[in-house]
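Protein chains in written order, with my numbering: chain A, 15 to 103; chain B, 4 to 244.
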């Protein structure tokens, strides 16, 4: 197996693993945030607008790590410098 | 089933490429501008409101309320920018259920351009609101050691804005395309519905995040933390203008 095949194989595998493991943490974190927001809304229903807005902002922040993993997976699949370097030879 | 409408080239003339992203961006711009112009030609403030004027008033009032809640300042100076961001992302995401429409926000170019606008707007509003030195001192809060982390944080949240919107819209269109070839009758419709929901939510999140970043840049001399905290004694209805 020469280096071209090896890089292609490892890249595909790594991209899958990256996005699979990288989305576990943010999903759990967002579930906790949503659960807390729901219980807060149950305790204070007239603050629901503010709580919802803060919830959305927090979800966006928490999701950042998943987005970074997604970007790394995309780069590995579509803009892989090692693959491009070997293909050009 | 392509990953980005940038690859769909309609017309090429030397270095100028007319791809699907640009064409559909022009279409959205035309819809927004022409629609607003048509509705606001005959404004009336009495009981004879047309339905479209009522709709625009509802949208503008809701946006003003949200901006005022987040920034606790006069919403007029932020409304053009944030409102345009929201509407420009909302209209293509909602129109994506129209067959043949490729949302321009499914292209990383469009979302990066929008995130770059926010990246430029935050220092702009911060400097005009606070002054140059006070805004730069912002980066060394709470301690001088945090300067590189604050700068990296600014850059990374811009990247996150772009990729979040791109990922959500692109995956929505992609999964409909994939399911159409697998299970053609029922599931693509359900996925289109999910795409509508996430499209509206992502438009709202983009605009609200932009507003939160701008508010953090213009307000940081008032409070030590940069996120607006809900305080129990503050009543925004009392400060309604």
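From the three backbone atoms N, C-alpha and C, an ideal C-beta is built for every residue, glycine too.
Source: prediction; values computed, not measured.
Neighbour-count burial assignment, residue i, 16 or more Cβ in a 10 Å radius
i, result
"residue 243 of chain B", "The pLDDT assigned to residue 243 of chain B is 48, lower than 50, so where the model puts this residue is not dependable, and the model offers no usable value."
"residue 50 of chain A", "exposed"
"residue 167 of chain B", "buried"
"residue 160 of chain B", "buried"
"residue 13 of chain B", "exposed"
"residue 67 of chain A", "buried"
"residue 137 of chain B", "exposed"
"residue 103 of chain A", "exposed"
"residue 19 of chain A", "exposed"
"residue 198 of chain B", "buried"
"residue 117 of chain B", "buried"
"residue 85 of chain B", "buried"
"residue 43 of chain B", "exposed"
"residue 205 of chain B", "buried"
"residue 129 of chain B", "buried"
"residue 210 of chain B", "buried"
"residue 84 of chain A", "buried"
"residue 125 of chain B", "buried"
"residue 226 of chain B", "Confidence at residue 226 of chain B is low in this model, with a pLDDT of 46, below 50, so the placement of that residue is unreliable and no value is reported for it."
"residue 93 of chain A", "exposed"
"residue 146 of chain B", "exposed"
"residue 26 of chain A", "exposed"
"residue 57 of chain B", "exposed"
Strand pairing of residue i, partner residues [DSSP]
i, result
"residue 15 of chain B", "B:20"
Rounded Cβ spacing between residue i and residue j (contact assumed at less than 8 Å)
i, j, result
"residue 105 of chain B", "residue 165 of chain B", "18 Å between Cβ atoms; not a contact."
"residue 74 of chain B", "residue 163 of chain B", "No, residue 74 of chain B and residue 163 of chain B are not in contact; Cβ-Cβ is about 21 Å, not under 8 Å."
"residue 69 of chain A", "residue 47 of chain A", "7 Å"
"residue 3 of chain B", "residue 221 of chain B", "The shown model of chain B, from 4 to 244, leaves out residue 3 of chain B, and the question about it has no answer."
"residue 169 of chain B", "residue 111 of chain B", "5 Å"
"residue 87 of chain A", "residue 45 of chain A", "Contact flag wrong, Cβ pair sits at about 22 Å."
"residue 100 of chain A", "residue 31 of chain A", "At roughly 22 Å, the Cβ-Cβ gap does not stay under 8 Å, so residue 100 of chain A and residue 31 of chain A are not in contact."
"residue 182 of chain B", "residue 173 of chain B", "Not quite, the Cβ-Cβ distance comes to about 15 Å (not below 8 Å), so this is no contact."
"residue 66 of chain B", "residue 46 of chain B", "Their Cβ separation, rounded to whole angstroms, is 18 Å, which puts residue 66 of chain B and residue 46 of chain B out of contact at 8 Å."
"residue 8 of chain B", "residue 109 of chain B", "6 Å"
*Give, in chain order, every residue of the stretch 159-170 of chain B whose Cβ lies closer than 9 Å to some Cβ of chain A.*
159, 160, 162, 163, 164, 166, 167 and 170
*Any chance the stretch 68-83 of chain B sits against the stretch 202-217 of chain B, with 3 or more Cβ pairs inside 8 Å?*
yes
*If you measure beta-carbon to beta-carbon, which residues of the stretch 89-100 of chain A are closer than 9 Å to chain B?*
92
_If the cut-off is 8 Å on Cβ atoms, which residues from the stretch 196-222 of chain B count as contacting chain A, listed in chain order?_
204, 207, 208, 211, 212 and 215
_Any contact between the stretch 86-106 of chain B and the stretch 22-32 of chain B? By contact I mean 3 or more CB pairs, one from each, below 8 Å._
yes
*Would you list, in chain order, the members of the stretch 60-77 of chain B that have their beta-carbon closer than 8 Å to a beta-carbon of chain A?*
69, 72 and 73
*Which of the residues in the stretch 39-51 of chain A, read from start to end, lie with their CB under 9 Å from any CB of chain B?*
none
*Is there contact between the stretch 137-157 of chain B and the stretch 73-91 of chain B, where contact requires at least three CB pairs shorter than 8 Å?*
no
*Taking Cβ-Cβ distances below 8 Å as the criterion, which residues of the stretch 69-89 of chain A are in contact with chain B?*
70, 71, 73, 74, 77, 78, 81, 82, 84 and 85
*asked:* Quick test of the definition: if touching needs 3 or more C-beta pairs under 8 Å, does the stretch 32-40 of chain A touch the stretch 73-83 of chain A?
replied: yes
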